[in-house]
Amino acid sequence: MPITVATEGSESVATECFSDHPHADIILRSSDSREFRVPRIYIIDSSPVLATQIQVPSTDTSNPSTSSAAIRTDTARASLPVYHLPERGDVLSSLLSYVIISMTPSLPPTIEKIFELLSVAQKYEMVLVLAHIRDHISRQNPPLIRKSTAFHAYSLAQKYGLRQEALLAAQRTLNLPLTIESLESTAKLDIMPSPFLYELWRYHTRVQQFLEDDLVAFITSGTAARINVRCRELDHCDVPVWLGDYIDSIARSPALFDLSEFHMTLTRHIMPSDPRVSDYCQSCASIESKTIDTFWTALKGVVQSSMEDAEANFVLGGERQRRSSTKSKVSPPECLHTSGADIILRSSDLVDFRVHKSTLSISSPFFSDMFSLPQPPLGLDEVVDSLPVVQLSECAEVLLGLITILYPIPTVIPDSYDKSLDLLAASQKYDMPTVQSTIRSEMRSRNLTTPTGALAFRAYAIASNHGLIPEMEAAARLTLEYPMSFEFIGEHLAVFGGFALRDLVRYRKRCRDSLTSCLESLLDSRLPPSDIWVGCPNTNQSHLAGWLLSLHLKSLKVAFTRPLPRPSSFATEYLAALQGHINRYDCSFCSKVHIMHGETYREQVETKLAKALDEVRFNPESTQDAIEPPSSD
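Everything in the sequence shown is counted per my numbering, starting at 2 for the first residue and increasing by one.
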């Protein structure tokens, strides 16, 4: 990032000064106006980025910007040029303590400020400083990145683009549960933006897959397959008990184990060393101790190799998605009359659309305001056939949809839900309400508004990224019928941005709470409005309709075991329970009354559940610019 240079007299004097260095010949000024008088040579030697920008000031007085009048003379020494850096003073103070030899290096007090310091050193390509800081961190006790801080450290490392620290923190999370429920219950979703979480889930999945494959081969054909103990007293060979337990542990929780902890527990599976134990065998215990050492050495090699394979594919969140600059195959429709066109809209994939300013201005206040402003002189690359070119961020397929809606030609709406939302977002961005209505109508007619399965989560994520509130709420409602887990959502997690995943988790929880409360309240209601006591003329007895209590219990069970009890799924469960209950009645009168009351009850309860769900608003929470530590680990 470029730094700005000024002179000492161009701004007010800084309120706080860095310790003077006897050979200081420049001043670095932080974003909060702290001044650091340092020798230029230290900065040049430590950072090639800063070296190219910190130049010796010119002595040519004919240039006002470099004349002595523009440089305030320090009372204690000659005039010093002032260079403005975008970092805060506390960050620069810590950074310079690693740059200037005579100073004692000091780490900031918090993990976030330490990672910010690393990111600044990385930005300015201070290789030796980075190594020094990391060495300082590695000698901390307790370690900076450990199990209790792993998720927070991972989020911060991703935020600051520190691959080495992000990977180390990701490794520390391998022994911690990584489910949406566990992250929400411990407030981890508040510090974990969705793109970072997606990369962590991918890393866990890759490590698990690599280790599963390699450990299966290791156990079936490698060292483990040859492990057995020959008992001298009984003259037979047995597979050690600890090996069987280890194989079972892999089956229960594949690969996500702590090798150091596992090594410490291996000896617990050796036969008891107490001679008073009936099945004690000194020979077997001695052989198994040696066998464990052999097994442990081989196991470490397999795990290390597998981890290196997984780490080679580890990326920082945000590195994955790159826009393509290749030319699109989409072209303007032949029926689009370009005669009289006075402007060219260029898509992100380099397709030019010749259109009329008047048409755009009528449909979009955004373009109307843009065209009414004075325009600067155009460069050669901004003019085609004497027409000005406006570069837009949308792809050709999206621009084609917008233009065909604006002009009296056949409308071309993308067939995919993703692109349709891109088109809708563009119409919202350019303030085209009429176009938005047309797009939504077309999406409904093409049944593009009700994605199913994991695609419902993808639809929600895309709508969230574009800020399309109606589509976001509708898609969030659609996800209620499906389980919310990393395994179910799968690669669609890559589409989630910001804190969209956290907002969806909390919306689903509010829906669950609302529906559960509704079901519980029905026990005290008078549904159906007629008397629920049934008097049977054949037996001259009155009894409580059995299906009512049975159905309530079943419904409450569904509420707590299903992803979410939507009214439609409740009706299905209800009818099955009702029919099963009616089949147990021999009396035709009772069966008839139960059916009548049951249908009334079903309709009214379904209406109540739907109303309870409608009352739950989505209300996404505001995203956080800073990643704050959780209240507890």
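Every residue, glycine too, gets a C-beta built ideally from N, C-alpha and C.
As assigned by DSSP and simplified to three states, the class of residue i
i       : result
Glu-521 : helix
Val-496 : helix
Asn-448 : coil
Pro-87  : coil
Phe-619 : coil
Asp-350 : coil
Val-356 : strand
Pro-49  : helix
Gln-605 : helix
Ala-476 : helix
Ala-25  : coil
Leu-469 : coil
Gly-454 : coil
Asp-294 : helix
Arg-207 : helix
Thr-180 : coil
Thr-174 : helix
Asp-416 : coil
Ser-340 : coil
Leu-108 : coil
His-127 : In the sequence as displayed, the identity of residue 127 is Met instead of His. Note: Met-127 maps to coil in three-state DSSP.
Ile-115 : helix
Ser-365 : coil
Cys-396 : coil
Asp-626 : Any answer about Asp-626 is weak, because its pLDDT of 43 lies below 50 and its placement is not dependable; what the coordinates show is given next. In this structure, Asp-626 counts as coil in the three-state DSSP scheme.
Contact set for residue i: own chain, Cβ-Cβ below 7 Å, skip 5 residues either direction
i       : result
Glu-474 : Phe-619
His-357 : Gly-341, Ala-342 and Asp-343
Ala-426 : His-467 and Leu-469
Pro-49  : Glu-126
Phe-116 : Leu-157, Ala-158, Tyr-161, Leu-163 and Glu-166
Ala-122 : Leu-96, Val-130, Leu-131 and Ile-134
Ser-428 : Leu-403, Val-436, Gln-437 and Ile-440
Contacting residues, own chain, Cβ-Cβ under 6 Å from residue i (five flanking each side not counted)
i       : result
Phe-367 : Tyr-431 and Asp-432
His-493 : Ala-455, Phe-458 and Arg-459
Ser-442 : none
Arg-89  : Ser-31, Ser-32 and Asp-33
Pro-452 : Tyr-418 and Ala-460
Leu-407 : Thr-360 and Ser-364
Ser-421 : Pro-415, Met-444 and Leu-449
Pro-530 : Its pLDDT being 45, under 50, Pro-530 is placed unreliably by the model, and nothing is read from it.
Ile-490 : Ala-455 and Phe-458
Residue environment, residue i, which counts as buried when at least 16 other CB atoms sit within 10 Å
i       : result
Ile-1   : Nothing about residue 1 can be read from this structure; the chain reaches only from 2 to 634.
Gln-437 : buried
Ala-1   : For the chain, the structure presents residues 2 to 634; residue 1 sits outside this window and is missing.
Ala-462 : buried
Lys-189 : buried
His-24  : exposed
Asp-423 : buried
Asp-615 : exposed
Ala-154 : buried
Arg-147 : exposed
Thr-105 : exposed
Ser-306 : exposed
8 Å Cβ cutoff met for residue i and residue j
i       : j       : result
Leu-118 : Val-92  : yes
Ser-95  : Leu-108 : yes
Leu-505 : Ala-477 : yes
Pro-82  : Ile-27  : yes
Asp-353 : Val-385 : yes
Thr-174 : Ile-112 : no
Leu-610 : Cys-519 : yes
Ser-486 : Ala-613 : no
Arg-509 : Leu-481 : yes
Ser-348 : Glu-395 : yes
Trp-1   : Leu-179 : The first residue shown for the chain is 2 and the last is 634, placing residue 1 beyond what the model contains.
Gly-498 : Ser-465 : yes
Leu-400 : Val-413 : no
Same chain, Cβ closer than 8 Å to residue i, neighbours up to 5 away in sequence not counted
i       : result
Ser-156 : Ile-192, Met-193, Pro-194, Phe-197 and Ile-628
Val-496 : Arg-459, Ala-462, Ile-463 and Asn-466
Per DSSP, cross-strand counterpart(s) of residue i
i       : result
Gln-141 : Answer is none; Gln-141 lacks a bridge partner.
Val-345 : The sequence as given places Ile at residue 345; Val does not occur at that position. Looking at the DSSP assignment, Ile-345 forms a beta bridge with Arg-355 and Val-390.
Val-385 : Leu-388
beta-carbon residue i near the ligand NAP non-hydrogen atom, thresh 7 Å
i       : result
Glu-616 : In the structure on display, the ligand NAP does not appear, and there are no ligands present to speak of.
Proximity test, Cβ basis, 8 Å: residue i and chain C
i       : result
Pro-484 : Although the question refers to chain C, the structure presented lacks it and comprises just one protein chain.
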